[in-house]
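In this text, residue positions in the sequence shown follow this note's numbering: the first is 155, and each later residue adds one.
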Amino acid sequence: MSDAKFRMADLDALFKIKYEKLSENVYNSANVLLGRVKKSYDFTGKQLNIAIPQSFSGGVGSGKLPKPNRANYGEAQITSKKMYAVVQIDRETIKAALNDEGAFVRATKEVVKKGVESFMRNLSRALFNDGSGIIAEVASVSGQEITLKTSGTDHPFKEANLEERDMIDVLDATDGVTLLNSAQAGTGLEIDSVDDVNKKITVVGSISGTIAAGDKLVMQGSHKADPDGLKGVLQQKNRDASKSFNIVHGRKWEAVQEAASSAAISTDLLNKVMLKIKKKCGKSPNLIVTSFKQYEKILNLLEDKKQYTVPTRAGLKSKSGADISFTGVEFMSVDGPIGIFPERFVEDDTIYLLNDSHIHMYHRPDFGWFDDDGTVFLREANSDSYEARYGGYLECYINPCFHGVITGLSV
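This is the structure we're talking about:
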């Protein structure tokens with residue numbers, strides 16, 4: 155008589171079968187930009203080098219045969235960053251569902267979905283940040299309440315960066331290196347509540363050392379460990395502000411940057427930046443990503459020209475083959491209509507004008523659920539539960555010359 159109960163190997167197989175496609179769909183639809191950028195899953199070796207032409211060759215002239223001269227090339231260097239999400243599954247729940255595939259699926263579906271969604275939320279945070287892992291700057295501290303700066307910092311209060319149950323580290327502003335509280339050392343702080351009105355958070359945990367104004371809050375374990383992001387590459391505010399991907403910023407390796415100086419968003423300003431991008435690289439942006447504050451202003455600005463569409467870029471599919479599409483408002487550029495989409499990780503005063511074909515997520519092989527040991531489920535020490543790990547090793551490569559950013563808009 156055959157055994158009617160699942161073995162752990164059966165659960166692992168079922169877990170992968172049932173949730174691989176779900177996980178990929180979440181990965182490709184968490185936000186518009188992540189759904190549209192190029193992705194590859196074959197990044198191997200210590201690093202990836204990409205030759206970047208930064209001039210024409212100089213051997214041209216009239217009247218006499220010119221003297222030859224070589225072109226300038228930069229070499230972009232891409233290394234992988236580690237990003238993870240860990241979910242916990244109670245052993246009793248697994249055992250209670252051993253005789254019913256449907257019960258097991260139902261029991262784990264929410265855990266799996268939330269785990270991948272949290273991973274994508276963190277990746278989105280990094281994509282719109284500067285590689286530093288910093289999510290906020292301290293204005294003042296009163297007991298377990300930390301009030302955060304809203305201006306005068308590269309990391310102003312952004313509600314999307316702060317979620318209940320996140321574990322955070324505190325970076326000492328004195329040297330920019332020392333972690334006053336570190337989750338990896340067992341002294342991290344947990345965000346208990348977020349007050350978006352008064353721009354403060356309440357934390358749980360022992361505050362070791364003195365947290366003072368200017369100290370930085372960092373996603374646990376992420377200090378200078380995030381993938382490169384738009385703020386770092388396009389606004390040149392990152393862990394090495396003088397260069398991105400080992401190429402020094404300059405005329406041939408920087409985005410179009412427009413400081414609005416508290417001006418309101420306007421079609422003139424959008425057209426100005428779009429034309430600057432086209433003049434610089436020969437291509438107009440095909441995607442505008444903005445804060446919700448600026449999106450509201452754009453909706454009012456384009457009230458008589460709104461077009462709601464569901465564009466699907468040709469060939470844009472997830473690894474599982476699912477089509478990815480989004481709904482947005484179009485703006486007419488010199489090369490035709492382009493979509494405008496709100497994104498909660500963009501600062502209130504900022505708008506990005508992007509060419510998504512020049513943003514590439516390089517993943518190392520086997521990105522997704524970890525099953526190298528032959529099992530997705532890993533028994534937790536001293537606990538009646540299992541954990542499953544999602545993520546891998548990746549980098550977000552952004553060629554700054556094909557993009558633009560407007561900052562300092564009135565809010």
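We treat Cβ as the ideally placed atom computed from N, Cα and C, and that holds for glycine. Owing to the predicted nature of the structure, the values given are computational and were not obtained by experimental measurement.
#1: Can you tell which of Val559, Arg533, Pro554 has the C-alpha that lies nearest to the C-alpha of Gly246?
#2: On a Cα-Cα basis, can you pick out the residue from Gln374, Ala542, His512 that is closest to Ile345?
#3: What residues match up with Glu299 in a beta bridge as DSSP calls it?
#4: With distances taken between CB atoms, is the gap from Ile355 to Glu412 smaller than 9 Å?
#5: Apart from the five residues on each side of it in sequence, which residues of its chain come closer than 7 Å, Cβ to Cβ, to Ala367?
#6: Using DSSP with H/G/I as helix, E/B as strand and the rest coil, what is Leu563?
#7: Pull up the distance between the alpha-carbon of Glu317 and that of Val348, whole angstroms please.
#8: Have a look at Thr421, Phe399, Val488 and flag the residue whose alpha-carbon is nearest the alpha-carbon of Pro439.
#9: Am I right that Lys192 and Ser511 are in contact with their C-beta atoms under 8 Å? What's the rounded C-beta distance?
#10: Mind checking Ser286: buried by the 16 CB within 10 Å criterion, or exposed?
#11: Given a threshold of 16 other Cβ atoms within 10 Å of its Cβ, counted over all protein chains shown, does Ser376 qualify as buried or as exposed?
#12: Between the region 186-206 and the region 433-448, are three or more C-beta pairs nearer than 8 Å?
#13: Name the DSSP bridge partner or partners of Arg543?
#14: Which two residues bound the contiguous alpha helix (DSSP H) that contains Lys187?
#15: Label Gly217 either buried or exposed according to how many other C-beta atoms from any shown protein chain fall within 10 Å of its C-beta, with 16 as the threshold for buried.
#16: Helix, strand or coil for Ala476, going by three-state DSSP, please let me know.
#17: I'd like to know if the region 535-553 and the region 380-391 are in contact, where contact means that at least 3 CB-CB pairs between them fall below 8 Å.
#18: Within its chain, find whatever has a CB closer than 8 Å to the CB of Ser177; leave out the 5 residues flanking it on each side and keep chain order.
#19: In whole angstroms, what separates the C-alpha of Leu470 from that of Tyr516?
#20: Okay, do the region 483-503 and the region 449-458 touch, 3+ Cβ pairs below 8 Å being the bar?
#21: DSSP on Ile452, reduced to helix/strand/coil?
#22: Thr421 and Asp503 look like a contact to me (Cβ under 8 Å); what is the Cβ gap, rounded to whole Å?
#23: Give me, in chain order, the residues of the same chain whose beta-carbon lies closer than 6 Å to that of Asp244; leave out the 5 immediate sequence neighbours on both sides.
#24: Give the list of continuous alpha helix (DSSP H) stretches no shorter than 4 residues that lie fully inside the region 358-427.
#25: With a threshold of 16 other CB atoms inside 10 Å of the CB of Ser278, please say whether the residue is buried or exposed.
#26: Based on Cα-Cα distance, which residue from Asp284, Gly386, Tyr506, Ala314 lies nearest to Ser272?
#27: Going by the CB atoms, is the gap between Val402 and Val427 shorter than 9 Å?
#28: Excluding the five sequence neighbours on either side, which residues of its own chain have a C-beta within less than 6 Å of the C-beta of Ser564, listed in chain order?
#29: Decide if Glu501 is buried, meaning its Cβ has at least 16 other Cβ atoms within 10 Å, or exposed.
#30: What are the boundary residues of the beta strand (DSSP E) that includes Phe495?
#31: Would you tell me roughly how many angstroms separate the C-alpha atoms of Glu541 and Lys406, rounded to the nearest one?
#32: Look up Phe524 in the DSSP assignment and say whether it is helix, strand or coil.
#33: Using the three-state DSSP reduction, which class does His571 fall into: helix, strand or coil?
#34: Taking C-beta to C-beta, are Ile361 and Leu325 nearer than 9 Å?
#35: Quick check: what's the CA-CA separation for Ser336 versus Leu388?
#36: Restricting to runs no shorter than 4 residues, where is the alpha helix (DSSP H) found entirely within the region 186-220?
Let's see:
#1: In the sequence as displayed, the identity of residue 246 is Glu instead of Gly. The residue with the shortest Cα to Cα distance from Glu246 is Arg533.
#2: Gln374
#3: Ser296, Thr356
#4: no
#5: Val292, Ala293, Ser294
#6: coil
#7: 7 Å
#8: Val488
#9: 7 Å
#10: buried
#11: buried
#12: yes
#13: Val240
#14: With the sequence shown as reference, residue 187 is identified as Leu, and Lys is not the correct amino acid for it. Leu187 -> alpha helix (DSSP H) spans 186-190.
#15: exposed
#16: Model confidence at Ala476 stands at a pLDDT of 43, short of 50, so the residue's coordinates are unreliable; what they give is reported in the following sentence. Three-state DSSP puts Ala476 in coil, outside helix and strand.
#17: yes
#18: Val266, Val270, Gly522, Trp523, Tyr544
#19: Interpretation of Leu470 is limited by its pLDDT of 47, a score under 50 that renders its predicted location unreliable; no figure is taken from the coordinates.
#20: yes
#21: helix
#22: Actually they are not in contact, since the Cβ atoms of Thr421 and Asp503 sit about 18 Å apart, beyond 8 Å.
#23: Ser539
#24: 384-388
#25: buried
#26: Ala314
#27: no
#28: Ser416, Ala418
#29: buried
#30: 490-496
#31: 47 Å
#32: coil
#33: Here the chain comprises residues numbered 155 to 565, so residue 571 is not present and cannot be evaluated.
#34: no
#35: 30 Å
#36: 186-190
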